[in-house]
RNA sequence: GGAGAAAUGGCAGAGUGGUCGAAUGCGGCAGUCUUGAAAACUGUUGAGGGUCACACCUCCGGGGGUUCGAAUCCCUCUUUCUCCGCCA
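Numbering (my numbering), first residue to last: 123 to 545.
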């Protein structure tokens with residue numbers, strides 16, 4: 123959620139920045155400013171009435187104390203009108219606040235100046251690329267064929283017990299999954315991130331805190347009986363751990379990592395691109411989250427990108443990093459880098475990580491603040507990224523590391539797996 | 001699931017109808033002392049809205065009510081603790 127005070131002061135800057143998202147935010151920003159003015163003037167009127175009313179109450183109290191009951195009763199009559207007024211004004215204020223709130227919920231975060239113009243993922247800008255795309259042997263296969271050939275993932279079995287998009291991992295496939303999770307967590311904790319295990323269901327307030335609600339209502343599984351949501355990413359429970367906090371500046375940064383399964387309804391997805399591990403309803407992911415001082419969040423984002431690069435370097439997978447364009451940028455994000463691994467057998471890039479800086483957008487909703495060196499309370503900056511999402515990394519390994527003899531496990535994973543080949 | 005108790009500032013913890021945004025302690029900040037630090041002592045220190053700045057308003061788990069007036073009384077929800085039951 124954008125900050126009203128900022129919108130008030132820098133409306134033009136905001137309008138220009140938001141235009142990169144290919145939306146015309148001018149009228150929405152104007153509405154926010156009007157709604158805010160209405161809210162403030164309602165508040166001022168109400169405050170005045172309440173101030174009068176407080177004065178009367180104090181006097182009444184004093185009259186009762188001194189035994190001047192008649193005077194007290196006389197004043198009591200006067201307060202009746204004030205009470206009516208305050209009730210009406212309170213209703214006006216509530217309406218104005220709700221109006222303002224709903225307008226603010228409609229405004230996405232402002233893109234960073236480096237965010238490229240563009241509408242779709244085709245307009246994203248590649249900023250880094252590394253690793254050789256291997257020349258595969260004849261008869262090389264896409265990962266879903268390999269999964270079947272080596273009997274390590276059973277998609278049909280998952281369909282039987284749940285539905286499409288819920289694969290069953292088996293034998294060395296299951297072991298490789300566990301190895302990847304451990305390896306990622308070890309890399310993250312070695313880089314200073316504290317490991318957490320968090321709930322996989324969250325309440326509505328948490329959904330609003332990180333911005334999944336109301337924007338992505340339909341993308342989350344909703345357990346209506348208990349009004350809980352299955353998490354679409356660990357970002358939600360991990361970031362919400364700090365909801366409402368007031369920290370001191372020397373507590374920052376706070377850096378967390380956690381493994382969770384992620385659940386996404388993926389309503390509207392279909393076709394060849396969802397085949398195999400490409401798009402699932404349930405998948406595993408290791409996430410990193412940082413709570414940063416505003417002065418440091420830009421650097422922190424770079425650090426996160428560099429950190430993820432080292433993981434992919436070690437895995438020896440061909441990958442690239444993209445800076446997302448305005449049209450592809452998530453609702454809550456200010457600047458996002460996507461990591462993609464090359465799927466050789468499919469001849470396409472697969473997104474395996476998304477690393478973003480949210481500035482105060484989430485913190486404003488979360489009321490996540492810190493006391494700065496100057497003694498002032500300020501909103502913190504939040505960032506997060508996948509480090510990494512499992513299925514497509516697995517797809518990348520299966521496809522890029524396939525040999526006529528079997529799948530050759532990247533060296534760094536061998537100690538975690540306990541085997542060198544899937545054959 | 002049943003019975004009882006509780007929820008107060010960064011933390012601990014008093015406060016049962018008005019002068020309470022709230023004692024006290026810890027922590028934080030500033031100062032005195034010290035070569036420096038610690039200790040001790042003194043002062044200061046909740047959050048949000050509002051204002052150029054004041055004033056002023058709101059907030060004692062959430063929501064609603066009683067009252068001229070609520071941290072305090074009533075209703076309700078949530079959470080925590082204790083006891084019982086059940087159980088991975």
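For every residue, glycine included, the Cβ atom is placed at its ideal position computed from N, Cα and C. Just so we're clear, the structure is a prediction, and the values are computed from it rather than from any experiment.
With a threshold of 16 other beta carbon atoms within 10 Å, residue 531 meets it and is buried. In the DSSP assignment, residue 383 is bridged to 406.
Between residue 123 and residue 506, the CB-CB gap reaches or exceeds 7 Å. One alpha carbon belongs to residue 356, the other to residue 307, and they sit about 13 Å apart. Contact check for residue 315 and residue 378: beta-carbon distance about 6 Å, within the 8 Å limit, so the pair qualifies. When only Cα atoms are considered, residue 376 and residue 526 end up about 46 Å apart. Residue 164 and residue 171 have their C-alpha atoms some 11 Å from each other.
For residue 143 and residue 249, the gap between their C-alpha atoms comes out near 20 Å. Residue pairing from DSSP leaves residue 235 without any beta-bridge partner.
For residue 292, there is no enclosing alpha helix (DSSP H), as DSSP marks it with neither H nor E. Judged by DSSP secondary structure, residue 332 falls within the alpha helix (DSSP H) whose first and last residues are 326-332.
The alpha helix (DSSP H) runs of length 4 or more contained entirely in the segment 134-203 are, from start to end of the chain, 148-187. Per DSSP, residue 286 lies in no alpha helix (DSSP H) segment and is marked neither H nor E. The residue from 463, 534 and 540 with its alpha-carbon nearest to that of residue 254 is 463.
Taken in chain order, the complete beta strand (DSSP E) segments of 3 residues or longer contained in the segment 452-484 are 457-465 and 470-479. Take the alpha-carbon of residue 382 and the one of residue 476: they are about 16 Å apart. If you draw a straight line from the Cα of residue 523 to the Cα of residue 329, it comes to about 39 Å. By the criterion of a C-beta distance shorter than 6 Å, residue 362 is surrounded in its chain by 328 and 331, once the five residues flanking it on both sides are discounted. In the DSSP annotation of this structure, the continuous segment of the alpha helix (DSSP H) that includes residue 429 starts and ends at 419-437.
Here residue 432 is exposed: its Cβ has fewer than 16 other Cβ atoms, across all protein chains shown, within 10 Å.
Here the alpha carbons of residue 223 and residue 161 stand approximately 11 Å from one another. Around the beta-carbon of residue 274, 16 or more other beta-carbon atoms lie within 10 Å, marking it buried. Pairing residue 325 with residue 340, the inter-Cα distance amounts to about 15 Å.
Residue pairing by DSSP places residue 362 opposite no residue, since no beta bridge is assigned to it.
Beyond the five residues adjoining it in sequence on each side, residue 350 comes within less than 7 Å, by CB distance, of 323, 324 and 325 in the same chain, given in chain order. Counting only the Cα atoms, residue 146 lies some 8 Å from residue 137.
With a cutoff of 7 Å on beta-carbon distance, residue 419 and residue 344 are scored as not near each other.
Considering only 135, 488, 520 and 217, the residue with the shortest C-alpha distance to residue 334 is 488. Under the three-state reduction of DSSP, residue 411 is assigned to strand. The alpha-carbon of residue 319 is positioned some 6 Å away from that of residue 380. Counted as a single uninterrupted DSSP element, the stretch harbouring residue 401 is not any alpha helix (DSSP H), since DSSP gives it neither H nor E. The alpha-carbon of residue 292 is positioned some 7 Å away from that of residue 276. By the criterion of a C-beta distance shorter than 7 Å, residue 423 is surrounded in its chain by 457, 477, 479 and 505, once the five residues flanking it on both sides are discounted. Per DSSP, residue 247 is one residue of the beta strand (DSSP E) stretching across 247-252. Per DSSP, the unbroken alpha helix (DSSP H) holding residue 265 starts and ends at 265-271.
It is roughly 11 Å from the alpha-carbon of residue 131 to the alpha-carbon of residue 151.
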